[in-house]
Amino acid sequence: MKERYNYAKNIYAKIGVDTDQAIAALKELPISIHCWQGDDVIGFDGGELSGGIQTTGNYPGRARTPEELMEDLKKVLSMIGGVHKLNLHASYAIGNAEGRDKVAPKHFEPWVQFAKKHGMGLDFNPTLFGHSMVKDGLTLSSPDETVRRYWINHCKACIRISEYFAGETGMPCVMNIWIPDGFKDIPASRYLPRARFKESLDEILSAPYDKEKVYITLESKVFGIGLESYTVGSAEFCLGYSLKNNITPLMDNGHYHPTEMVSDKISSLLLYSDKLALHITRPVRWDSDHVVLLDDETKEICREIVRCGALKKVFIATDYFDAGINRICAWVTGVRNVQKAMLYALLQPNNTLETLQEEGNMTALMVYQEELKTMPFGDVWDAFCEECGVLSGLECFKEIQQYEKTVLEKRQG
Ligand code: RNT
Ligand code: ZN
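Read left to right, the sequence shown gives residues 0 to 412 (numbering that gives the first Met the number 0).
In structure tokens form, the structure reads like this:
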């Protein structure tokens, strides 16, 4: 093992890349791990998934209770090196019988304990889907004042929970607002729902909160299943609102047209926003939320973050949900792939590549970038895993198979 690492280290050193430094940087990079892969985005407050997002598949072993979800998360965390955050949705409140507008810090005490035990920070999301108060597909943009008010109160309650998380964990909490609002067919007014969404957001943000502790982000989208013709929280709406109101824009790479790449958008947003938030997912033909792979776009997103010197400016979170395969494996594979892509990005001789571009030497730039693809990256990844005390490669998979036998298979019925 050491031998393979030293060999790789020398090869990278020849192109001016320090592998030790890359490993050290990766260890410190927090990824916000989404809690919702474990239970197919159902949560514990009685809702059914709706809002144009869907899990498909019925692989056995779904976590049905907070205890099971925490047990699974514990297993997941044991296979992911580095320091991370846990990303919770309001629907994962424990023992909230009073409605989402009344959700409170007390409903998240067990999650805070869990986070503390694992040395993790917590991020948060109001849940504006999978609920009877979503009326005609609308929440914060609804013409029904009772509906709009309910969700404004929910979001305000979520800010208080986010402050509680930051206070308890000592780490800032990123609170992301995403609404499913939209129409299946062509609307008469695209303006009115957006104007109401804007008003709702203004009201939510008028509540005082500690901006050093809570970062509010706003996630845009292009369309959802059953909401194909119009999305209230479009890219322009969310980016415009975020920049004008000093909150953070969030880009989910499943939320754009198929040939539109989030990797190309990062540099532009960083020129206008201090912070930027990302949901890393894998859209297959639509926003399907497949498990993140070590594919070209994931690598390019990470390369952009590194090249822009934005490791501390970008909040990286995972967002996918596959119910068709072992959920623990889905979780671990996707998060580790984000880490792998980041390590790959940290192992690029960025100064050399930039100089080639600035000198107009596009031939050499292409050759260098191609050569980098077959450098012994896997040996550096294995060294990272070993240093963090987590299993690598198929050993990791064997461990998950064992967990499936001893824990997940027993959950049936
Ligand atoms: C939906 C958005 C949103 C959700 C989560 C569960 O398209 O991507 O981020 O996936 O909030
Ligand atoms: Zn998302």
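The C-beta atom is built at its ideal place from N, Cα and C for all residues, glycine as well. All values derive from a computational prediction rather than experimental measurement.
Is the beta carbon of Phe320 closer than 9 Å to that of Asp19? Contact flag unset, no.
Considering only the alpha carbon of each residue, which of Ala62, Asp135, Gly56 lies closest to Gly50? If you compare the alpha carbons of Ala62, Asp135, Gly56 with that of Gly50, the shortest gap goes to Asp135.
Considering Cα atoms alone, identify which of Lys155, His256, Thr258 is closest to Tyr208. A check of alpha carbon separations from Tyr208 across Lys155, His256, Thr258 identifies Lys155 as the nearest.
Cβ of Thr280 within 8 Å of any heavy atom in the ligand RNT? The answer is yes for Thr280.
Own chain partners of Arg335 with C-beta closer than 7 Å, once the 5 adjacent residues on each side are dropped: Within the same chain, Arg335 has close Cβ partners Ile79.
Measure the Cβ-Cβ separation of Pro125 and His153 and say whether it is below 9 Å. With respect to His153, Pro125 sits close: the two C-beta atoms are nearer than 9 Å.
Can you find at least 3 beta carbon pairs, one from the segment 1-8 and one from the segment 367-382, that sit closer than 8 Å? In short, these stretches touch, since the Cβ pair count reaches three.
Taking 9 Å as the threshold (C-beta atoms), are Ile279 and Ser331 in contact? The sequence as given places Val at residue 331; Ser does not occur at that position. Here Val331 is not near Ile279, since their CB atoms are 9 Å or more apart.
Tell me the DSSP secondary structure of Glu27 in three-state form. Reduced to three states, the DSSP call for Glu27 is coil.
Return the Cβ separation of Gly81 and Gln338 in integer angstroms, given the expectation that the two are a contact with Cβ distance under 8 Å. Yes, Gly81 and Gln338 are in contact; Cβ-Cβ is about 7 Å, under 8 Å.
Does the pairing of the segment 56-74 with the segment 281-301 give three or more beta-carbon distances under 8 Å? Verdict: no, contact absent.
Helix or strand or just coil, what does DSSP make of Arg281? It is a strand residue.
Per DSSP, which one or two residues make a beta bridge with Pro248? For Pro248, which the question treats as bridged, DSSP gives the partners Leu217.
What's the gap between the Cα of Leu364 and the Cα of Ser391? If I take the Cα positions, the gap works out to 32 Å.
To the nearest angstrom, how far is it from the Cα of Glu357 to the Cα of Val305? C-alpha separation (whole angstroms): 18 Å.
Pair within 9 Å by beta-carbon distance, Glu296 and Met260: Yes, the Cβ-Cβ distance between Glu296 and Met260 is below 9 Å.
Helix, strand or coil at Tyr229 [DSSP, three-state]: In the structure shown, Tyr229 adopts extended strand secondary structure according to DSSP, grouped into three states.
Since Leu268 contacts Ile300 with CB under 8 Å, what's their CB separation in whole angstroms? That belief does not hold up - the Cβ atoms of Leu268 and Ile300 are roughly 12 Å apart, past 8 Å.
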